[in-house]
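**Student:**
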Amino acid sequence: MPREISLSEVRGLLGTVVGVSDWITVDQTMIDAFAGATNDHQFIHTDPVRAAAETPYGGTIAHGFLTLSLLSAMNYDCLPKIREQTLGINYGFDKVRFMSPVKCNKRIRGSFLLAAARFRGAGMLMNTYDLTVEIEDERKPALTASWITISQFDPKDRPEGV
């Protein structure tokens, strides 16, 4: 369970890895469900026999966007909870790079470095995480990204002097 911190502690964490998620197994059932949800049924994702025969991967691989979408689960799993937060918002990405495919049945996990945190308005804190999704027993990560989130809170809870 992630630890809980206060708004006043966030800036002290700048430049540090604030969370590493548990491993998530990306199996064919997950890949097929994502293919159904996104209508992306390309054989490299959904046909293990053909993918083994016609690709260098030895079988199917996860959609890059599936790996990206798992960031939310990784976030909830490992990032510290901000005590005063009333709402969390996914603001978007400045950069996403798919570095290496995630082969079916591999495990992945996310590592989140708090790169920036700044107050926006009276009741919002914008956080930027430089993150890496590693693949178990692989040298190259699945993806790297710069992810921006917003923590909304009651303005009366804003720390003094910031």
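Quick note on the numbering used here: the sequence shown kicks off at -17 and runs consecutively.
For glycine and all other residues, C-beta sits at the position ideal for the given N, C-alpha and C.
Measure the Cβ-Cβ separation of residue 153 and residue 75 and say whether it is below 8 Å.
**Tutor:** Residue 153 cannot be examined here, being either before or after the span of the chain that is shown, -17 to 144.
**Student:** What separation, rounded to the nearest whole angstrom, lies between the Cα atoms of residue 114 and residue 63?
**Tutor:** Position 132 of the sequence shown holds residue 114. Position 81 of the sequence shown holds residue 63. Near 20 Å, if we compare the C-alpha coordinates of residue 63 and residue 114.
**Student:** Just mark residue 0 as buried or exposed, buried being the case when its beta carbon has 16 or more other beta carbons within 10 Å.
**Tutor:** Here residue 0 is taken as the residue at index 18 of the sequence shown, counted from 1. So residue 0 ends up on the buried side.
**Student:** Name the DSSP bridge partner or partners of residue 67?
**Tutor:** Along the sequence shown, read from residue 1 onward, the residue named residue 67 stands at position 85. The partner list for residue 67 (beta bridge, DSSP) reads 135.
**Student:** According to the neighbour-count rule (16 or more other Cβ atoms, all chains shown, within 10 Å of its Cβ), is residue 31 buried or exposed?
**Tutor:** Position 49 of the sequence shown, counted from the first residue, corresponds to residue 31. With fewer than 16 Cβ atoms within 10 Å of its Cβ, residue 31 is classed as exposed.
**Student:** What does the alpha-carbon distance come out to for the pair residue 78 and residue 137?
**Tutor:** The sequence position of residue 78 within the sequence shown is 96, counting from 1. The sequence position of residue 137 within the sequence shown is 155, counting from 1. In this model, residue 78 and residue 137 are separated by some 32 Å (Cα to Cα).
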